[in-house]
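Participant: Count the sequence shown with the numbering used here and you get residues 4 to 192, in order. Glycine included, every Cβ here is placed at the ideal spot set by N, Cα and C. This is the structure, below, for whatever I ask next.
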Amino acid sequence: MEAHEQEEWLRRAQQGEPDAFGPLIHAWQQKLFAYCYYLLGNRQDAEDAVQEAFIRAYRSLAAYSHDRSFQAWLYRIAGNYCLDLLRRRKRWSALLPMLRPAEQERSAEEAYAEGGAGAVMDMLRPLAPEDRQLVILHVLQEQPFEDIALCLDRKPAALRKRYERLRKKLGKRRSLEEEKEYEAHSIRV
C-alpha cells in the first residue's frame with residue numbers, strides 16, 4: 004500500500020467510515036504477525052496479539068496524529084501488548100510447576116520446540132524482550148533505526164549502539180556453540 008493510500012484510509016477511518024480500517028489491517032497483518040511471532044515464539048499468541056493490536060489501534064484512532072508514522076504507532080501498540088503478555092507469562096511460570104502434576108512437567112525448551120519457533124527463536128530466546136524487539140524490527144522487519152526509535156520511544160543513536168552490542172554478544176555465543184559442536188564431533192571421530 005502506498006503512503007498516500009494509507010493516509011487516505013486512515014483519514015476515512017478516523018472520520019468513522021466503517022470499512023476504512025479493513026485495508027489497513029490487510030496491509031499490515033502479515034508483517035505485524037511476524038513481529039509478534041518472533042517476540043512471543045508461539046503462533047496462537049502471535050495471532051491473538053495481532054488481533055488485540057488492531058483492536059487497540061482502531062479504538063485509539065482519534066488519538067493518532069498523521070505527523071507520526073502509522074507503522075511505528077502500530078508496532079508500538081503490538082510490542083507493548085507482547086511485552087505485557089511476556090511479563091504475565093513470567094509471573095505465572097513460577098507457579099506452574101506447583102500446579103501441574105509431576106508427570107506433566109516439561110522444560111521450556113520442549114515448549115518452544117512444540118511452538119515450532121525454530122533456529123531464530125533459539126537465537127532470540129536468551130535476549131531480554133526489549134532486545135528481541137530491536138533485533139526483530141531491524142533484522143527481520145528491515146526497519147531503519149529512526150523508525151524503530153519511534154516505535155520503542157528511544158533515540159536512534161542509542162538503538163544503534165545497543166544493536167551493535169547485541170550483535171557482538173550473539174556472535175560470541177554462536178562462536179562458542181560452533182566450537183562446542185566441533186569438539187563434540189572431533190571426539191566422536
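Please report how far the alpha carbon of A16 lies from the alpha carbon of R176, in whole angstroms.
Facilitator: 47 Å
Participant: Please classify R7 as buried or exposed, where buried requires at least 16 neighbouring CB atoms within 10 angstroms.
Facilitator: The sequence given here has His at residue 7, not Arg. With fewer than 16 neighbouring CB atoms inside 10 Å of its own CB, H7 falls in the exposed class.
Participant: First and last residue of the alpha helix (DSSP H) that includes H29?
Facilitator: 25-43
Participant: Determine whether the Cβ of Q9 lies closer than 8 Å to any Cβ atom of chain B.
Facilitator: Absent here is chain B; the protein component of the structure consists of one chain.
Participant: In angstroms, rounded to a whole number, what distance separates the CA positions of A160 and C154?
Facilitator: 14 Å
Participant: To which residues of the same chain is Q136 closer than 7 Å at the C-beta, ignoring the five residues directly before and after it?
Facilitator: If we look at Q136 and ignore the five residues flanking it on each side, its Cβ neighbours are L42, G82, L155.
Participant: Could you check the C-alpha separation between A65 and R59 for me, to the nearest Å?
Facilitator: Rounded to the nearest angstrom, the two C-alpha atoms are 11 Å apart.
Participant: When the Cα atoms are used, what is the spatial distance from V138 to D70?
Facilitator: The straight-line gap from Cα to Cα measures roughly 26 Å.
Participant: Express the C-alpha separation of Q74 and A49 in angstroms, rounding to a whole number.
Facilitator: 17 Å
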